[in-house]
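Okay, so here's the structure we're looking at.
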Ligand code: LLP
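Residue numbers (the working numbering): 119 to 539.
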């Protein structure tokens, strides 16, 4: 459920008509709903109620400081994968003890930054990384809390580009090798083993792969305890999917996901961490764009809009589906027609949808891409020298621009021409 509903025939973000935001900031733009972010975060809180836990928002899905502050103030932890994301979490007021650091290629500088700024735990992805963390912590005279990310060799049954739990993927340490790596970790200076970490992929629409992975984590935890390690935390990653196509998809609910956690690892006496991104931010955001032209092609009609693949890359990168709706509700009885909805970028891949049924709209009309709050703005670029589009946050009847559209002067001003030219 989200808070983008039609009122008096106009799609609103909470209590604000999107036409009003469009008139104020211009199109295209992203808009996020505070109520939806809050609701989705609380669904995970409820799903894990009764278990000692921390819900760490995966910043990679939406890293705007206002979004992070909204969630941080509700008590969320943060899952970061770079020094930049770590800085964002801190800038949003989240204390180090609520930040976990994931990612396969943490640099010495990033490890130093987190150890000096405060960190809940590093999720270690390889032996070389473990040794570097040990070195940096020893130099600083501190202990680095760690969990080791294990690769359980479980098929997440999702898009291959976002599946991470199979042995051929670059992520984690093969679970069969884990005991040896924990033994090394326990013997290294500056390392404090806290737990086990797993993350098998994103946009999972079936609970069975989670269950299989968590059972493997359970078995490993028991073995590690028998080996003498104190395992007090389990980080179970993120990955719960959302209904991108409302008419025909109903992925499992957070409460059902919580039941899987309870059933598989709930009795181990460990603090549970999860790292959801998409389920919190995905349906909390939409992208609003204007139609520039309606172009009649050979046997198909193209709706050329002012957003493009550089603003929302998911359709061209993963063939992802986003529901597309008119901002002004069509008159009852208006018949839908089929359109190819495309952006202005000079690539055939700049196609949001093919043959999509939409009630006819014309130049200047607004349409909205739903479920664009996760992996939308964060994956955007200035390809074709198109300025990054603004982000807007709504809360009840108020809205604020939380990232402004850059001016062309700002964009061009970032380049420098060497003196020899
Ligand atoms: N934790 C780790 C270690 C991750 O790698 C990810 C996502 C998450 C948590 C959050 O997963 P979520 O709950 O959002 O599924 N750009 C792609 C998604 C990439 C996901 C990468 N890792 C997309 O647009 O579908």
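Cβ coordinates follow ideal geometry from the N, Cα and C atoms, glycine included.
Please read all numbers here as calculations on a predicted model, not as lab measurements.
Under the Cβ criterion (8 Å, minimum of three pairs), the region 440-457 does not count as touching the region 176-195.
Shown here for residue 383: same chain residues with a beta carbon closer than 8 Å to its own, the five before and five after excluded, namely 332, 335, 336, 339, 352, 354, 390 in chain order.
Taking the Cα positions, residue 131 is about 14 Å away from residue 400. The region 511-519 makes no contact with the region 420-430; the number of CB pairs closer than 8 Å stays below 3. Rounded to the nearest angstrom, the gap between the Cα atoms of residue 287 and residue 281 is 8 Å. Going by DSSP, residue 165 is part of the alpha helix (DSSP H) stretching over 152-165. Per DSSP, residue 230 is not a residue of any beta strand (DSSP E); the alpha helix (DSSP H) it occupies stretches across 226-235. A straight line joining the alpha-carbon of residue 247 with that of residue 421 spans about 49 Å.
Annotated as proximal: residue 405 and residue 487, with beta-carbon spacing under 8 Å. Fully contained in the region 433-520 are the following beta strand (DSSP E) runs of length 3 or more, in chain order: 442-444, 455-460, 469-476, 484-487, 509-513. Comparing alpha-carbon positions, the option among 483, 344, 396 lying closest to residue 301 turns out to be 344. Of the heavy atoms belonging to the ligand LLP, none sits nearer than 7 Å to the Cβ of residue 347. Using a 10 angstroms sphere on the CB of residue 174, the tally of other CB atoms reaches 16 or more, which defines it as buried. For residue 244, the secondary structure class from DSSP, reduced to helix, strand or coil, is coil.
The C-beta distance from residue 128 to residue 446 rounds to 6 Å, short enough to fall under 8 Å. Taken through DSSP and simplified to helix, strand or coil, residue 289 comes out as coil.
Shown here for residue 329: same chain residues with a beta carbon closer than 7 Å to its own, the five before and five after excluded, namely 378, 382 in chain order. A buried status is given to residue 468, since no fewer than 16 other beta-carbon atoms sit within 10 Å of its beta-carbon.
Below 8 Å, too few C-beta pairs join the region 204-216 and the region 142-149 to call them touching: fewer than three. For a cut-off of 8 Å, the C-beta gap from residue 258 to residue 234 is around 7 Å, short enough to register as a contact. Exclusion of residue 237 from the 7 Å shell around the ligand LLP follows from its C-beta lying no nearer than that to any non-hydrogen atom of the ligand. In the three-state scheme derived from DSSP, where H, G and I count as helix and E and B as strand, residue 275 is classed as coil. Here DSSP, grouped into helix, strand and coil, assigns residue 399 to helix. Judged by the Cβ position, residue 358 qualifies as a neighbour of the ligand LLP at the 7 Å threshold, a heavy atom of the ligand being closer than this.
Boundaries for residue 421: no alpha helix (DSSP H) harbours it, while the beta strand (DSSP E) harbouring it runs 419-423, taken from the DSSP string.
Runs of alpha helix (DSSP H) with 4 or more residues, each lying fully within the region 184-229, are found at 201-209, listed in chain order. Close CB contacts of residue 502 within its chain, under the 6 Å cut and outside five residues either way in sequence, are with 463 (chain order). In the DSSP assignment, residue 171 forms a beta bridge with 390. Residues of the same chain with a CB within less than 6 Å of the CB of residue 171, apart from the 5 flanking positions on each side, are 390 in chain order.
Under the 10 Å beta carbon count, residue 366 is surrounded by fewer than 16 other beta carbons and is classified as exposed. Under the three-state reduction of DSSP, residue 284 is assigned to coil, being neither helix nor strand.
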